[in-house]
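Those letters in the sequence shown? Residues 1 to 296, per the UniProt record's numbering, in order.
Glycine included, C-beta positions come from ideal geometry on N, C-alpha and C.
In this text the structure is predicted, and so the values were computed from the model without any measurement.
Just below is one structure, and these are the notes that go with it.
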Amino acid sequence: MRRLPSLIALRFFEETARHMSFNRAATALCVTQGAVSRQIKLLEESLGAKLFERDHKGIRLTPAGLQFLPCLSEAFDTIERGFRQITAAKGRRRLVVAVPPTFATQWFSPRLGSLGDELPDVELSVRTSPTEDCHCVIRFGRNALAGAHSELLMTERHVLVGAPGLLSESLDMLLEHLPALHVLHNDARLDLWPNWLAKAGLPARYAENGIEFSTLEQAIRAARKGAGLAVVDRNMIVEELADGSLARFSDVEVAGPYGYWLDVAQRHAALEHVQAFAGWMREEVLKMINSPHGVH
């Protein structure tokens, strides 16, 4: 009997080593950063050796990690080749989709269960950035993409949210004393807070201080834990509003100007499984719109 560590832990290690980041590996795997850290720790305990060194600059592979990674990557490549050969022989079709990280975690991944029913003979590969072999790209932007079949799936709808336990306090008091949770883009704060405060007729100073995050997902998690209030896209927090882990603190809502687009290259547009995927995306958007916490 082979003496091997957990396949999940091995996969998590390879993904972390590829990105040299626990956070980016978690995004690519559609799990939490804590889940990645736990699996790496279990693998290190199983091997009896540290695989990563951690310091204020980030992480780097130890000598043991550098020795282990090529062997593991080669093994995964062999498994993938065998899998593709068998599935190709059975007539399975491959669908490669690029999805932005926060959209993947907050919207796309929770809905994948129904995709298997819709496309049972399709092997799905989800990427966080477009590659040459992508059939479809979910893109965050303002306009249609020239030279492709480009379809607007949803427009951003920004609302003010926070932990439900704060609802007993007045909004003015919360805005005065709690940090505003900001999302950064290219090292600058997005205009989510100023735009929302302007529409609500509230002082711009409420957005001056706060905590900054590199992703919307991080801001959402901080808001859930009561670290402050956040202005976020309601499309991305349907589950949190439904399960009560987040609450809205105002009816004020700011639309756009950005949205999520489905882009399909001309050469793939006529493929049956690509068209089926596009149809599934439309249906899932409609389900969200028609849900109690959907965008109307």
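Are the beta-carbon atoms of V96 and S125 separated by less than 8 Å?
Remark: C-beta atoms of V96 and S125 approach each other more closely than 8 Å.
Let me check one thing: in DSSP terms, what residues is Y260 bridge-paired to?
F140 and M154
In terms of residue numbering, what span does the alpha helix (DSSP H) encompassing R282 cover?
E272 to N290
Option nearest S6 by Cα separation, candidates L42, T131, G210 and V285
Ranking L42, T131, G210 and V285 by Cα distance to S6 puts L42 first.
Per DSSP, what kind of secondary structure is D77 in: helix, strand or coil?
helix
On the criterion of 16 or more Cβ atoms from any shown chain inside 10 Å, does R139 qualify as buried, or is it exposed?
buried
DSSP three-state assignment for V122, whether helix, strand or coil
strand
Residue from M173, A276, K225 and T215 whose Cα sits closest to the Cα of L202
M173
How should Y260 be labelled, buried or exposed, when 16 other C-beta atoms within 10 angstroms of its C-beta is the threshold for buried?
Y260 is buried by the Cβ-count criterion.
With a threshold of 16 other CB atoms inside 10 Å of the CB of E44, please say whether the residue is buried or exposed.
buried
Which residue from L69, L47 and G58 puts its Cα closest to that of R11?
L69
Under 8 Å: do the stretch 138 to 152 and the stretch 217 to 226 share three or more Cβ pairs, one atom per stretch?
no
Contacts around A207, its chain only, beta-carbon distance under 7 Å, and the 5 residues preceding and following it disregarded:
A180, W193, P194 and L197
Status (buried if at least 16 other CB within 10 Å, exposed otherwise) for residue 299:
Any question about residue 299 goes unanswered here, given that the chain covers just 1 to 296.
What separation, rounded to the nearest whole angstrom, lies between the Cα atoms of L160 and A35?
29 Å
Residues in the same chain with beta-carbon distance under 7 Å from S214, minus the five sequence neighbours each way, listed in chain order, please.
L184
Could you check if C71 is buried or exposed, using at least 16 other CB atoms within 10 Å of its CB as the buried criterion?
It counts as exposed.
Considering only residues of the same chain and omitting the five flanking positions on each side of H135, which have a CB-CB separation below 6 Å?
The residues are L95, V96, H268 and V274.
Cα-Cα, which of I59, A270 and A26 is closest to T102?
A26
By the three-class DSSP mapping on this structure, what secondary structure does P5 have?
coil
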